[in-house]
Amino acid sequence: MKKILLASKAILGAGLILIFLNSCKNETKQEDPKEVAEDANEAKFDTIDSKEDDSEFLVDQAEINLAEIEIGKLAQQKSTNAEVKKFGKMLVDEHTKSASEVSALAKAKNFTLPTSLTEEGQEEYNKLNEKSGLDFDKKFADMMIDGHEKAIDKLQKASKDAHDADVKQWASNNIAPLTAHLEHAKMLKQNLDKK
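According to mature numbering (1 follows the signal peptide of the UniProt record, and there is no 0), the residues represented by the sequence shown are -25 to -1, 1 to 170, in order.
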């Protein structure tokens, strides 16, 4: 009986050591900032679907602003085309302004936003950063057209479907500026395609 008790203690001790060692593994894969923000909002507003939908919209807008700012900076650094550099600067300026508006609105509504580039945003940035010269400029213009078309769709949807009046108003107010960005990007692409 004593041997069984001793053996069971040894097995239990070994099991606890394995559990302890397993929990001490330092595998801290950083979570995507967008997922962290969405999870925080979901926890806060789990029973209020309307707030959760509006928070998702603002999380998306914050993600777009962060990506546009970084890509705009990259265009200013890497491009040799004056128009691309100018467009990059405009992106940084406009999306920095938009980011502060989204941040203030989110704060007023108690929504959590991502504070750094998402995994998807970083991938897009890296793909663009691999290019140079005219290839860089063309890829940049294509990304701007695609990204602004998607962003405008989200704004139009929120301007109709957002539950919060302030969120709805902000979305409505930002359709025109983003449409202007899209038209600018299309003109930029036309000029680059001639080269």
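Every residue, glycine too, gets a C-beta built ideally from N, C-alpha and C. Note that the coordinates shown come from a computational prediction; the quantities given were computed from them, not determined experimentally.
For the alpha helix (DSSP H) holding Ser78, just list the boundary residues, first then last. In the sequence shown, residue 78 corresponds to position 103, counting from 1. Secondary structure note for Ser78: its alpha helix (DSSP H) is the uninterrupted segment Ala57 to Lys84.
Out of Gly47, His156, Ala37 and Asp141, state which residue places its alpha-carbon closest to the alpha-carbon of Thr87. Taking the sequence shown and counting its residues from 1, one reaches residue 87 at position 112. With distances taken between Cα atoms, Thr87 lies closest to Ala37.
Give the C-beta separation of Ser73 and Asn40 to the nearest angstrom, bearing in mind that I take them to be a contact with Cβ-Cβ under 8 Å. Here residue 73 is taken as the residue at index 98 of the sequence shown, counted from 1. Here residue 40 is taken as the residue at index 65 of the sequence shown, counted from 1. Right, the Cβ-Cβ distance comes to about 5 Å (below 8 Å), so this counts as a contact.
Which residue wins for smallest C-alpha separation from Asn148, given the options His159, Gln131 and Leu163? Mapped onto the sequence shown, residue 148 falls at position 173. The shortest C-alpha separation from Asn148 is found at Gln131.
Can you tell me where the alpha helix (DSSP H) with Leu163 in it begins and where it stops? Numbered from 1 along the sequence shown, position 188 holds the residue referred to as residue 163. Following the DSSP letters along the chain, one finds Leu163 inside the alpha helix (DSSP H) bounded by residues Ala140 to Asp168.
So, with DSSP's three-state summary, where would you put Lys106? As a first step, residue 106 must be located in the sequence shown, where it is residue number 131. Lys106 falls in the coil class under three-state DSSP.
DSSP state of Ala137 mapped onto helix, strand, coil: Numbered from 1 along the sequence shown, position 162 holds the residue referred to as residue 137. Coil.
Please check the pair Leu167 and Lys113, which I expect to be a contact at CB under 8 Å, by giving their CB distance rounded to whole angstroms. The residue given as residue 167 occupies position 192 in the sequence shown. The residue given as residue 113 occupies position 138 in the sequence shown. Contact annotation, Leu167 with Lys113: C-beta distance approximately 5 Å; criterion of less than 8 Å satisfied.
Helix, strand or coil for Ser91, going by three-state DSSP, please let me know. Stepping through the sequence shown from its first residue, residue 91 is reached at position 116. Of the three classes helix, strand and coil, the one that applies to Ser91 here is coil, per DSSP.
What do you reckon, are the CB atoms on Ile120 and Lys161 nearer than 8 Å? Taking the first residue of the sequence shown as position 1, residue 120 is located at position 145. Taking the first residue of the sequence shown as position 1, residue 161 is located at position 186. Yes, these two residues count as a Cβ contact at 8 Å.
Close-in-space but distant-in-sequence residues of the same chain around Ile44 (CB under 8 Å, 5 per side omitted): Walking along the sequence shown from the start, residue 44 turns up at place 69. Once the five neighbours on either side are set aside, the close Cβ partners of Ile44 are Leu66, Val67, His70, Thr71 and Ala74.
Assuming Asp29 and Ala137 are in contact, meaning their beta carbons sit under 8 Å apart, how far apart are those beta carbons, in whole angstroms? In the sequence shown, the residue the question calls residue 29 occupies position 54. In the sequence shown, the residue the question calls residue 137 occupies position 162. Going by Cβ atoms, the distance from Asp29 to Ala137 rounds to 5 Å, so yes, they are a contact pair.
C-beta atoms of Leu153 and Leu80 nearer than 8 Å: Counting from 1 along the sequence shown, the entry for residue 153 is found at position 178. Counting from 1 along the sequence shown, the entry for residue 80 is found at position 105. No, the Cβ-Cβ distance between Leu153 and Leu80 is not below 8 Å.
Quick check: the Cα distance between Gln52 and Gly63, rounded to an integer number of angstroms? Looking up residue 52 in the sequence shown gives position 77. Looking up residue 63 in the sequence shown gives position 88. Gln52 and Gly63 have their C-alpha atoms some 9 Å from each other.
Just to check my reading of the structure: Ala133 and Val142 have Cβ atoms closer than 8 Å, yes? What is that Cβ distance to the nearest angstrom? Taking the first residue of the sequence shown as position 1, residue 133 is located at position 158. Taking the first residue of the sequence shown as position 1, residue 142 is located at position 167. Their Cβ separation, rounded to whole angstroms, is 6 Å, which keeps Ala133 and Val142 in contact under 8 Å.
For Asp117 and His159, what's the separation of their Cα atoms in angstroms? In the sequence shown, the residue the question calls residue 117 occupies position 142. In the sequence shown, the residue the question calls residue 159 occupies position 184. For Asp117 and His159, the distance between alpha carbons rounds to 12 Å.
Starting from the C-beta of Trp145, find all residues in its chain whose C-beta is less than 7 Å away, skip the five residues before and the five after it, and write them out in chain order. Sequence index remark: in the sequence shown, residue 145 carries index 170 (1-based). If we look at Trp145 and ignore the five residues flanking it on each side, its Cβ neighbours are Glu76 and Leu80.
Exposed unless 16 or more other CB atoms sit within 10 angstroms - verdict on Gly108: On the sequence shown, position 133 is the one that residue 108 refers to. Burial call: exposed.
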